[in-house]
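Participant:
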Amino acid sequence: MKPAACLALLGSAWLLISLASGCCDICPAVQTAVYEFLSGPSDEYISYVQNYQSDPLVLQNALALKQCVDGKLTEEDKGHAISAVNKIFSDPLC
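Numbered per mature numbering (1 follows the signal peptide of the UniProt record, and there is no 0), the sequence shown spans residues -20 to -1, 1 to 74.
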């Protein structure tokens, strides 16, 4: 995985978690979204995003990003990213 991509992914997850430190309900939703994004098939990820967003442009961008990640990252890269995200989600604030 390219360091910049990993940093962006982890930074985004951390930002969402840090913003939600006072709201316990957002962490499971973010966690599910991250896992769907990294390890789920494209159609399941887009279906999950549709639960929260109906804008066709957002859905189109989500699909393009998911396809890019699936094409560029190896399973090992995704495993490392999931491991790092698991550490973030195990934080007591979440």
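We treat Cβ as the ideally placed atom computed from N, Cα and C, and that holds for glycine.
Being a predicted model, the structure only gives us computed values, none of them experimental.
Given a threshold of 16 other Cβ atoms within 10 Å of its Cβ, counted over all protein chains shown, does residue 38 qualify as buried or as exposed?
Facilitator: Burial call: exposed.
Participant: Would you mind stating whether residue 46 and residue 15 have Cβ atoms separated by less than 8 Å?
Facilitator: The answer is no: Cβ separation not under 8 Å.
Participant: Taking residue 41 as part of the alpha helix (DSSP H), name the residues at either end of that continuous run.
Facilitator: Unbroken alpha helix (DSSP H) run through residue 41: 36 to 52.
Participant: Excluding the 5 residues flanking residue 11 on each side, which residues of the same chain have their C-beta closer than 6 Å to its C-beta?
Facilitator: Hits under 6 Å: 69.
Participant: Apart from the five residues just before and just after residue 79, which ones in its own chain have a Cβ nearer than 6 Å to its Cβ?
Facilitator: Missing from the structure shown is residue 79; the chain here goes from -20 to 74 and no further.
Participant: According to the Cβ coordinates, are residue 82 and residue 19 closer than 8 Å?
Facilitator: With the chain represented from -20 up to 74, any question about residue 82 goes unanswered, as that position is not in the structure.
Participant: Using the three-state DSSP reduction, which class does residue 71 fall into: helix, strand or coil?
Facilitator: In the structure shown, residue 71 sits in coil (DSSP, three-state: anything other than H, G, I, E or B).
Participant: DSSP three-state label for residue 15, please.
Facilitator: If DSSP states are grouped into helix, strand and coil, residue 15 belongs with the helices.
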